Amino acid sequence: MNSFKTLVFDLETKRLADEVGGWNHIDRMGLAAGVTYHVEEDHWSLFKEDDVGSLLDELASASKIVGFNIIRFDYTVLRPYGLSIDRSLVEKTADMLADISLTLGFRVGLDHVAEATLGESKSANGLAAVEWYKKGEIDKVLAYCKQDVWVTYRLWGYGRDHGHVFRRDRSGSKKKIPVSW
C-alpha cells in the first residue's frame with residue numbers, strides 16, 4: 001500500500017472580511033465547513049466546525065496538501081483552532097495561488113484560472129457560502145466546498161501533467177502560466 005498521502009483541501013468561513021475588521025483578521029472568520037479529497041484513495045472527508053480536530057489530524061498526517069490560497073487564507077482561519085503554521089506545514093503545501101502570484105507578479109482567482117484552463121467555473125462564491133451558513137444551510141456550504149476542492153484538484157492535476165495552466169488577459173486571450181507542481 002502507498003503510504004504517500006496527498007490531500008486537496010478547501011474551507012469556507014462563517015464570516016466575511018468586513019464582519020471581522022478586514023483582511024488582517026482572517027483568523028476571526030471562523031470555520032463553517034472544510035473538505036479534503038484523498039487523492040491516492042479517491043476518498044472525500046467533509047467537516048463542520050465541531051469536526052475541526054479530525055480535519056487538523058488529516059492535515060497533520062498528509063504528505064502533501066494541495067490548495068488555492070491555503071497558506072495565507074485557509075491555514076490562517078484554522079490557527080485559532082490549534083493549527084500551527086510552521087515550516088513543515090508550509091513545505092508540504094502546494095499553494096497554487098502562491099506559485100501563480102510569484103510567476104505573474106499579481107493574484108488571480110481560482111475561478112478565473114479554472115475557467116481558462118478547464119473551461120469550467122465554480123458553482124458559487126464565498127459570499128454565498130457565508131449566507132448559506134447564516135441560514136443554517138450547512139449542506140449547501142459543504143456541497144459548494146466539495147465542488148471547489150474538485151475544481152482545485154483538476155486544476156492542480158492539469159498543471160502537474162502539462163507544466164502550465166492558463167489565465168485570460170484583459171482582451172480575453174488565453175495566456176500560459178508555467179507551473180511546476
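For what it's worth, the working numbering labels the leading residue of the sequence shown as 1, then goes sequentially.
Glycine included, every Cβ here is placed at the ideal spot set by N, Cα and C.
Please read these numbers as outputs of a predicted model, since none were measured by experiment.
For GLU12, count the other beta carbons within 10 Å of its own beta carbon; 16 or more makes it buried, fewer makes it exposed. Which is it?
Sequence index remark: in the sequence shown, residue 12 carries index 12 (1-based). Buried, since its Cβ has 16 or more Cβ neighbours within 10 Å.
Which word fits ASP42, buried or exposed, when buried means at least 16 other C-beta atoms lie within 10 angstroms of its C-beta?
For the purposes of this step, residue 42 is taken as the residue at position 42 of the sequence shown. Answer is exposed; the Cβ neighbour count stays below 16.
Would you decide whether ILE100 is buried or exposed? Buried here means 16 or more other CB atoms lie within 10 Å of its CB.
The sequence position of residue 100 within the sequence shown is 100, counting from 1. Its Cβ being crowded by 16 or more others within 10 Å, ILE100 is buried.
Can you give the Cα-Cα distance for GLY34 and GLY126, rounded to whole angstroms?
Residue 34 sits at position 34 when you count from the first residue of the sequence shown. Residue 126 sits at position 126 when you count from the first residue of the sequence shown. So the alpha carbons of these two residues sit roughly 13 Å apart.
Starting from ALA129, follow the alpha helix (DSSP H) in both directions and report where the run begins and ends.
In the sequence shown, counting from the first residue as 1, residue 129 sits at position 129. ALA129 -> alpha helix (DSSP H) spans 126-134.
What distance in whole Å lies between the Cβ atoms of ASP169 and LYS175, which are believed to be in contact at a cut-off of 8 Å?
Reading the sequence shown from its first residue, position 175 is the one you call residue 175. Reading the sequence shown from its first residue, position 169 is the one you call residue 169. Indeed they touch by this definition, with Cβ atoms about 5 Å apart.
Hey, ASP10 and VAL108 are a contact pair by Cβ (cut 8 Å); roughly how many whole angstroms apart?
On the sequence shown, residue 10 is found 10 positions in, with the first residue counted as 1. On the sequence shown, residue 108 is found 108 positions in, with the first residue counted as 1. About 17 Å; that fails the 8 Å criterion.
Below 8 Å on the Cβ atoms is my contact criterion, and I expect VAL179 with GLY157 to pass it. Report the Cβ-Cβ distance as a whole number of Å.
On the sequence shown, position 179 is the one that residue 179 refers to. On the sequence shown, position 157 is the one that residue 157 refers to. No, VAL179 and GLY157 are not in contact; Cβ-Cβ is about 11 Å, not under 8 Å.
To which residues of the same chain is SER54 closer than 7 Å at the C-beta, ignoring the five residues directly before and after it?
Numbered from 1 along the sequence shown, position 54 holds the residue referred to as residue 54. Hits under 7 Å: PHE47.
Report the three-state DSSP secondary structure of LEU97 (helix, strand or coil).
By 1-based counting over the sequence shown, the position of residue 97 is 97. Helix at LEU97.
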